[in-house]
Amino acid sequence: MIPSAIERGHVIEAMQEIDSDGVPSSRCSKKFLIEFEGRQYPPKYVVSLANKFANGEELDPSVFNGGQETNDFLKGLGFTIVASSEPEPIPPVEPLQNRHNERCPDCKNVVERMLKKIYGDVKPNYRFNIGTNPENFRDTPHYEDLKRIFTNLQNYRGNKNFVYTPTLPNCDYFVPDPGFVVEFDESQHFTIPRKISLLSYPYKSESGFSLGRWAFICDKTRAKDNHPYYRDEQRAWYDTLRDFLPELTGNFKPTVRIYSKGIQWCSLDPNDPDDVARFKNIIEGRRKDLNGWVATVVLQSDSDTDYSNDDRMKELISIVDRIAKETSGDGVILFPGGWFCTKKEKPSTIYDWVESQIKGILEKIKPHIFVCIGIDGSTEAECGNTQIGLAVDKGGIKAMGRKFHPAPQERGHVELAPNYLSEEDGESRIFELNGVKYFMCVCYDTYGIRHLDPPNPGVDVVLNLVHCFYPQGEGPSGDPYFARHGFAGASKQWGCPVFGTAAFFNRSISDNWPTGVYWNQDDKSTRNWSYAYNPVKSEVEFRMSTENHIKEGLALIRIYDLETMCKR
122 MIPSAIERGH VIEAMQEIDS DGVPSSRCSK KFLIEFEGRQ YPPKYVVSLA
172 NKFANGEELD PSVFNGGQET NDFLKGLGFT IVASSEPEPI PPVEPLQNRH
222 NERCPDCKNV VERMLKKIYG DVKPNYRFNI GTNPENFRDT PHYEDLKRIF
272 TNLQNYRGNK NFVYTPTLPN CDYFVPDPGF VVEFDESQHF TIPRKISLLS
322 YPYKSESGFS LGRWAFICDK TRAKDNHPYY RDEQRAWYDT LRDFLPELTG
372 NFKPTVRIYS KGIQWCSLDP NDPDDVARFK NIIEGRRKDL NGWVATVVLQ
422 SDSDTDYSND DRMKELISIV DRIAKETSGD GVILFPGGWF CTKKEKPSTI
472 YDWVESQIKG ILEKIKPHIF VCIGIDGSTE AECGNTQIGL AVDKGGIKAM
522 GRKFHPAPQE RGHVELAPNY LSEEDGESRI FELNGVKYFM CVCYDTYGIR
572 HLDPPNPGVD VVLNLVHCFY PQGEGPSGDP YFARHGFAGA SKQWGCPVFG
622 TAAFFNRSIS DNWPTGVYWN QDDKSTRNWS YAYNPVKSEV EFRMSTENHI
672 KEGLALIRIY DLETMCKR
């Protein structure tokens with residue numbers, strides 16, 4: 122039996138180890154392969170190895186089955202299984218002295234040749250005339266951010282002095298046209314000081330790598346280099362300055378980072394058009410440009426019983442129509458969890474109705490808009506009730522997710538998704554709009570991101586459909602707790618903004634309750650986070666009431682511009 126503790130991140134770590142060390146000849150697969158990022162791996166060996174990262178030891182292949190058991194498990198984690206066309210698709214492991222390792226000089230050489238093949242002129246080991254002391258940047262808009270990051274690094278172990286060169290050490294590669302730096306990060310870059318610096322970054326709408334992914338690798342690798350004793354802080358600080366080169370120079374694109382263990386880079390052939398295209402996709406895919414807007418809808422309801430699905434649909438249509446008039450361009454509208462309820466029936470019984478109604482309003486709107494809503498149902502099912510999130514655009518339902526992490530009082534009373542990447546009725550909970558990837562969480566799922574520690578699956582924004590808050594003593598009332606540990610905790614874990622909504626029953630909407638959050642407070646506990654630390658500000662805020670067809674009371678709408686929301 123395969124241990125349930127194995128998560129998607131453990132499987133990815135197993136495949137990364139295979140990239141470095143190969144596959145023993147006895148563990149190759151003749152029938153099936155797991156396909157990931159253009160490479161193929163033997164499924165059963167991957168699961169055995171993944172257990173080492175999840176539970177501390179490689180899983181004995183005799184205690185679980187290959188074939189259907191292994192394939193179904195990996196599919197449940199969101200991986201693709203294909204039929205094997207060759208008996209030994211991956212070379213067997215080589216003798217130890219010949220094994221590939223991340224310090225392979227050919228890897229860096231191939232990276233340079235690939236960059237030249239794609240962009241022409243490339244300057245390796247390039248030096249920028251950039252200072253290394255925070256005071257060098259006092260007259261720039263980024264001084265406070267850099268000073269804060271520097272101070273956080275100083276406070277980690279008390280190493281106050283770790284800058285001993287007046288200018289920034291060389292960057293790995295500089296590509297003059299279109300103008301960006303590429304850094305090749307080996308394991309020694311993934312330290313706790315580096316994690317602290319990454320979690321201290323201000324929000325950037327443009328980036329060249331995933332902050333959440335890099336922080337995750339830091340936490341798992343925890344490399345240490347105490348020669349000299351301040352080396353980890355120094356390396357983290359210099360890496361920070363390289364990441365800030367676009368802001369400090371004013372005319373560069375975001376710094377791109379590639380992980381030395383991501384693939385065996387020297388296996389790529391600069392003379393093979395397919396390999397060149399693959400490498401270019403990796404580099405270009407690192408770049409993110411967050412665009413568009415997110416509108417959050419918070420409901421203040423006079424009753425938690427005196428409404429129907431028809432009433433809620435009328436309110437939704439009025440709200441969507443108003444938001445469309447207040448915005449320009451493409452965006453996402455986020456409603457609370459359980460906006461609709463099917464009671465004893467399954468949520469799927471109203472999918473067609475919800476889809477047709479929302480499509481009807483969106484088809485009249487020129488911009489591309491997604492509406493995310495929650496549906497609860499199956500309230501008397503033996504396996505527990507069902508909580509679903511849907512993302513609908515003018516083409517219909519495009520994403521769907523079931524709650525995967527219960528609140529403590531819900532354990533045993535909610536039918537959960539197998540994991541955070543499981544499909545629901547064949548649909549992923551992740552959807553994309555203009556290159557921005559959104560991940561839907563149903564209520565307590567953001568706590569799952571924090572507690573289960575899964576890797577960010579490449580998403581840029583988390584959308585949290587929270588259910589409701591009541592007056593104290595009448596039901597769930599911890600709205601500040603949810604913002605601190607749910608929203609801010611998930612943002613810290615995945616290095617991306619989190620937007621959330623909820624219904625406030627029989628009480629007013631809490632003053633200043635944040636519906637958009639971004640973590641920039643280093644590695645401190647979420648217990649010490651407060652609203653004052655949140656840099657996210659809405660561009661527009663307005664209320665709709667009974668005069669605007671909000672039968673239950675009022676709706677508070679905030680609209681966030683993904684590009685400028687932390688600059689206001």
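122 is the number of the first residue of the sequence shown in the numbering used here; add one for each residue after it.
Note that the Cβ used here is the ideal one computed from N, Cα and C, for glycine as well.
Just so it is clear, the structure is predicted and the values come from calculations on it, not from any experiment.
Go through its chain and collect everything with a Cβ distance to residue i's Cβ below 6 angstroms, but skip five positions before and after it.
i: K519; result: A512, F552
i: P488; result: G450, D451
i: G130; result: P575, P576
i: M434; result: Q478
i: T361; result: I270, S318
i: E327; result: P375, D410
Cβ atoms of residue j and residue i: under 9 angstroms apart, would you say?
i: I438; j: P468; result: no
i: N291; j: N246; result: yes
i: P323; j: K244; result: no
i: N633; j: Y591; result: no
i: T636; j: F625; result: no
i: K382; j: E223; result: yes
i: E354; j: P394; result: no
i: S612; j: V583; result: yes
i: R571; j: H606; result: yes
i: P656; j: Y681; result: no
i: A357; j: T312; result: yes
i: P578; j: L542; result: yes
i: I127; j: N172; result: yes
i: I123; j: L154; result: no
i: I486; j: V453; result: no
i: L170; j: I251; result: no
i: G569; j: F525; result: yes
Do you know offhand how far residue i's Cα is from residue j's?
i: E740; j: L573; result: As displayed, the chain neither begins before 122 nor continues past 689, which places residue 740 out of reach and without an answer.
i: S659; j: A676; result: 16 angstroms
i: R648; j: D600; result: 14 angstroms
i: E668; j: S629; result: 18 angstroms
i: E209; j: E156; result: Low confidence applies here, because E209 scores a pLDDT of 38, under 50, leaving its location unreliable and the question unanswered by this model.
i: I404; j: V303; result: 9 angstroms
i: E548; j: H221; result: 38 angstroms
i: N412; j: T685; result: 9 angstroms
i: F603; j: M235; result: 46 angstroms
i: V514; j: L683; result: One point to set straight first is that residue 514 is Asp, not Val, in the sequence displayed. About 19 angstroms.
i: R343; j: L289; result: 24 angstroms
i: F690; j: P349; result: Residue 690 is absent from the structure shown; the chain starts at 122 and stops at 689.
i: D260; j: S646; result: 32 angstroms
i: W414; j: S205; result: 44 angstroms
i: D566; j: N430; result: 24 angstroms
i: S183; j: N540; result: 25 angstroms
i: I133; j: R378; result: 18 angstroms
By alpha-carbon positions, which one of the options ends up nearest to residue i?
i: Y380; options: G329, N372, A416; result: G329
i: Q530; options: E544, N540, G547, N506; result: N506
i: Q137; options: N273, P656, Q614, I338; result: I338
i: T286; options: R278, F311, T253; result: T253
i: L180; options: F200, L198, A135; result: A135
i: S331; options: R408, T312, W386; result: R408
i: P226; options: Q421, D293, G674; result: D293
i: V661; options: K672, A653, R679; result: R679
i: Q385; options: Y602, C228, E545, Y568; result: C228
i: D390; options: K238, V203, M122, N555; result: K238
i: Y654; options: N641, M665, F663, S666; result: N641
i: K325; options: P367, I133, N273, G674; result: P367
i: F461; options: Q275, D432, N273; result: D432
i: D644; options: T272, F525, H526; result: T272
i: W650; options: F608, M521, S169, V168; result: F608
i: G495; options: A445, E466, E595, A623; result: A623
i: F194; options: E256, R248, S125, G241; result: S125
i: G333; options: R550, G610, P527, C687; result: G610
Whose C-beta lies closer than 7 angstroms to the C-beta of residue i among residues of the same chain, with five residues either side of it excluded?
i: R148; result: P163, Y166
i: E207; result: Confidence at E207 is low in this model, with a pLDDT of 45, below 50, so the placement of that residue should be treated as unreliable; the coordinate-derived value is given next. Excluding positions up to five away in sequence, the list is empty.
i: K464; result: G498, T500
i: H670; result: K435, E436, S439
i: D396; result: L389, D390
Grab me the residues of residue i's own chain with a C-beta within less than 8 angstroms of its C-beta, minus the 5 sequence neighbours each way, in chain order.
i: G300; result: N372, F373, K374
Does the beta carbon of residue i sit closer than 9 angstroms to a beta carbon anywhere in chain C?
i: R224; result: Structure shown: chain C not included; a single protein chain is present.
- [ ] Evaluate contact between the stretch 313-322 and the stretch 397-405, counting only Cβ atoms and requiring at least three cross-stretch pairs below 8 angstroms.
- [x] At 8 angstroms Cβ cutoff, the stretches do not touch.
Open item on the list: Using 8 angstroms as the cut-off, can you tell me whether the stretch 587-604 makes contact with the stretch 448-464, which would need three or more C-beta pairs spanning the two stretches below that distance?
Closed with: As far as the Cβ criterion goes, the stretch 587-604 touches the stretch 448-464, which means the pair count is three or higher.
Open item on the list: Tell me whether the stretch 295-311 and the stretch 604-616 touch, counting them as touching only if at least three CB pairs, one residue from each stretch, are closer than 8 angstroms.
Closed with: Result no; under three Cβ-Cβ pairs closer than 8 angstroms.
Task: Three or more C-beta pairs below 8 angstroms linking the stretch 477-497 and the stretch 549-569 - done: Yes, since at least three Cβ pairs between the stretch 477-497 and the stretch 549-569 fall closer than 8 angstroms, the two stretches touch.
Task: Three-pair Cβ contact test at 8 angstroms for the stretch 265-279 versus the stretch 412-427 - done: They do not touch, by the three-pair rule.
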